[in-house]
Each structure stands twice: as structure tokens, then as C-alpha cells.
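For the record, in the sequence shown the residue sitting at position 115 is 142 according to the working numbering, with numbers rising by one throughout. Glycine included, C-beta positions come from ideal geometry on N, C-alpha and C. To start, the structure itself, in C-alpha cells.
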Amino acid sequence: MENKDKIINNEFVHFTVMKNEVVESLCCENSDKIFVDCTLGGGGHSEEILKRISPSGHLIAFDVDEDAIKFASKRLEKYKNITIIKGSYVDIDVHLEKLGIKKITGGVIFDLGASFHQLTKAERGFSFLKDAKLDMRFNQEQNLSAWDVVNKYSEKDLVNIFSKYGEERFSKRIAKAIVSKRPINSTKELSDLIINSTPIVKSKIHPSTRVFQAIRIEVNKELLNFENSLLKVINLVDVGAIISLLSFHSLEDRIAKNILKEYSKCRCDKFEPLCKCGGGLLEIINKKPIIASADEIRINPPSRSAKLRVAKRV
Numbered sequence: 028m029e030n031k032d033k034i035i036n037n038e039f040v041h042f043t044v045m046k047n048e049v050v051e052s053l054c055c056e057n058s059d060k061i062f063v064d065c066t067l068g069g070g071g072h073s074e075e076i077l078k079r080i081s082p083s084g085h086l087i088a089f090d091v092d093e094d095a096i097k098f099a100s101k102r103l104e105k106y107k108n109i110t111i112i113k114g115s116y117v118d119i120d121v122h123l124e125k126l127g128i129k130k131i132t133g134g135v136i137f138d139l140g141a142s143f144h145q146l147t148k149a150e151r152g153f154s155f156l157k158d159a160k161l162d163m164r165f166n167q168e169q170n171l172s173a174w175d176v177v178n179k180y181s182e183k184d185l186v187n188i189f190s191k192y193g194e195e196r197f198s199k200r201i202a203k204a205i206v207s208k209r210p211i212n213s214t215k216e217l218s219d220l221i222i223n224s225t226p227i228v229k230s231k232i233h234p235s236t237r238v239f240q241a242i243r244i245e246v247n248k249e250l251l252n253f254e255n256s257l258l259k260v261i262n263l264v265d266v267g268a269i270i271s272l273l274s275f276h277s278l279e280d281r282i283a284k285n286i287l288k289e290y291s292k293c294r295c296d297k298f299e300p301l302c303k304c305g306g307g308l309l310e311i312i313n314k315k316p317i318i319a320s321a322d323e324i325r326i327n328p329p330s331r332s333a334k335l336r337v338a339k340r341v
């Protein structure tokens with residue numbers, strides 16, 4: 028079975044990466060438990076969960092992107108056992124409390140990073156391939172945008188962001204060029220500046236890729252939000268519930284790997300002669316990350332970078 032669905036209309040283009048692998052990891056067939064999709068997006072994973080759980084099961088889905096919510100709400104309108112929340116999964120504990128939910132009994136999925144729709148819709152300002160105002164906000168109601176990062180951050184802060192979040196080897200050159208050329212208002216202006224301020228290097232990726240990724244991560248606080256939310260989720264899931272983490276670059280995957288590893292260990296003081304805590308809170312299901320199939324990568328090349336890590340609360 029093909030592990031991807033593609034939906035295109037006049038306004039929204041959506042790809043669901045590793046749809047079957049992610050949902051199968053939840054073991055949700057005919058389940059009457061509570062599940063959470065932390066990143067609704069176009070609703071691909073959510074729809075597959077709803078197809079599999081029983082009518083008495085329930086799905087709660089989060090997103091801050093109004094475009095995604097409108098599209099997914101229409102796509103999922105026939106299902107009565109879903110609650111869509113316009114809000115960040117960072118506040119998952121607050122939202123669940125408002126719903127009267129103390130524990131996530133079935134499982135949780137995180138599908139991290141920007142969606143295909145966000146990256147390709149010109150006016151959202153995520154892409155260096157389409158000229159637009161610098162934006163890159165998942166939540167278009169928030170104040171901080173890519174324009175603010177590029178035009179207001181200090182040179183030192185820009186170097187740090189490009190190095191840490193983009194692993195950009197020419198961070199200092201690019202940051203210096205940005206500060207000297209401000210204001211920079213469009214994606215094309217920024218991309219041209221990056222190209223002109225760095226040496227020509229033989230590479231499969233565009234010279235602007237790493238910097239644009241770094242700015243996007245900073246604007247949306249992606250890594251910090253993911254780490255904080257995952258730590259909350261570990262305490263919110265019930266015994267036996269699944270945590271499924273789909274990441275798309277090494278920084279996200281490193282956070283997922285390290286946290287799952289840490290919480291699978293004994294929590295006693297290392298000088299304790301005997302374990303008194305009962306062991307780790309998590310059981311890691313797959314020691315190595317699950318990756319997309321060759322067929323999926325052929326049809327949707329960006330899925331080649333996807334890594335799925337799964338753990339169970341014990």
C-alpha cells in the first residue's frame with residue numbers, strides 16, 4: 028500500500044508523509060481510547076486515525092495555521108469523534124485540562140516542521156524559490172516574523188541562529204552581509220544576498236536552504252516548542268499509550284532520540300545500589316528510526332529525510 032496521499036485544490040496542496048507507518052505505530056485499530064495529533068496540517072494522519080479507531084474513540088488535533096484548519100475541517104467533517112483546536116501543542120496540557128481530559132489513553136503523534144503548503148505558498152514567505160515578503164510564521168497571528176529576525180537581530184545573534192539551527196558553515200559572512208544591507212524585505216532579496224556573500228560550493232542543495240531553515244526555526248521556536256511539549260506529553264500519556272515522533276532534520280531527530288533514551292532509563296540516583304523508581308517511563312519500540320519506503324521517496328522526494336521514532340509509556 029502506498030504510504031502517501033496527495034491532495035491538491037486551488038488553495039491547498041498537502042502531502043502526508045509515512046501515513047501508514049505513523050498511524051500503525053499507534054496500534055489504534057478499533058480503539059475506544061483518546062488520541063492526539065499535535066500537528067493537524069492537511070489532516071492526512073488524522074483522517075487515517077479516524078478511519079481506524081472505533082466511533083467511541085476520540086481524536087484531538089492541534090494546529091495554529093488557519094489555512095490548515097480550514098482545509099482539514101472540511102476534509103474531516105463527516106467524523107463526529109474529533110476535536111480540532113486552534114492552538115499550539117506547546118499548550119497541550121492547558122487545552123486537555125479545559126476538555127476535562129487527565130490522560131491521553133491511546134497515543135500522540137508529532138509531525139514536525141513546515142508543511143508542503145506552507146513552504147510552497149508564495150505569500151507565506153517560507154521559500155527562496157518564490158519572491159514574497161519575509162514572513163515564515165506558522166501562526167499568522169503572532170508578532171515575530173522572518174522580517175523581524177533578518178532586520179532586527181544583532182549580527183552575533185544571526186551568526187548563532189544560522190550556525191545552530193541551519194548548521195551553515197558561512198554564518199559569519201552571511202550575517203555580516205545582512206546587517207550591512209538592511210532593510211531586507213523579500214525572500215528574493217535575502218536569497219540573492221546569501222548567494223552573493225558566499226563562495227560557490229559544489230552541493231546538491233541551494234545556497235539559501237540552511238539559512239532559510241534556521242530563520243524559520245527561530246521564528247516559530249520549533250525546537251524549543253517540540254522539546255518542551257514532548258516532556259509534557261511523557262507525563263500526560265497513560266500507561267500503554269504510544270508516542271510517535273516524525274521529524275525531518277537532524278536537529279529535531281536528535282531531540283527526539285535523546286529524550287526518549289533519557290526517559291527509558293532508571294531515574295534513581297546513580298549512587299543508589301538498587302533501583303527504587305521502577306525503571307524508565309518509556310519503552311523504545313524501534314531502536315533505529317523508521318524511514319520512508321523507496322516508493323514513497325520516488326513519488327514525494329522530501330520524504331527521504333523523514334525519521335520516525337516510537338515509544339510506549341510503561
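- Under the criterion of beta carbons closer than 8 angstroms, T236 and K157 do not qualify as touching, at roughly 14 angstroms.
- In the structure shown, S274 falls within a strand segment according to DSSP collapsed to helix, strand and coil.
- By alpha-carbon distance to L251, the top candidate from K130, G305, G140 is G140.
- Looking only at N166, D64, D322, G70, the smallest Cα-Cα distance to I87 is reached by D64.
- Between K303 and C293, the C-beta spacing is not below 7 angstroms.
- Residues of the same chain with a CB within less than 6 angstroms of the CB of V186, apart from the 5 flanking positions on each side, are S198, K199, A202 in chain order.
- For the pair of segments examined, the stretch 49-60 was found to touch the stretch 77-86: the number of CB pairs separated by less than 8 angstroms reaches three.
- Our two residues, V117 and I136, have alpha carbons roughly 13 angstroms apart in a direct line.
- In the displayed model, E168 falls within coil according to three-state DSSP, outside both helix and strand.
- The three-state secondary structure of K339, taken from DSSP, is strand.
- A straight-line Cα-Cα distance of about 37 angstroms links K46 and E216.
- With respect to the C-alpha of G133, the residue from F62, V121, N108, N170 having the closest C-alpha is F62.
- About 26 angstroms separates the CB atoms of V91 and A319; that is not less than 8 angstroms, and the two are not in contact.
- Per the coordinates, the alpha-carbon of I131 lies some 42 angstroms from the alpha-carbon of S181.
- One thing to note: I188 has its Cβ no nearer than 7 angstroms to the Cβ of E104.
- Within the stretch 169-194, the complete alpha helix (DSSP H) segments at least 4 residues long are 173-179, 182-193, listed from N- to C-terminus.
- When DSSP assignments are scanned along the stretch 234-299, the uninterrupted stretches of alpha helix (DSSP H) that are 4 or more residues long and fall wholly within it turn out to be 236-247, 249-263, 277-290.
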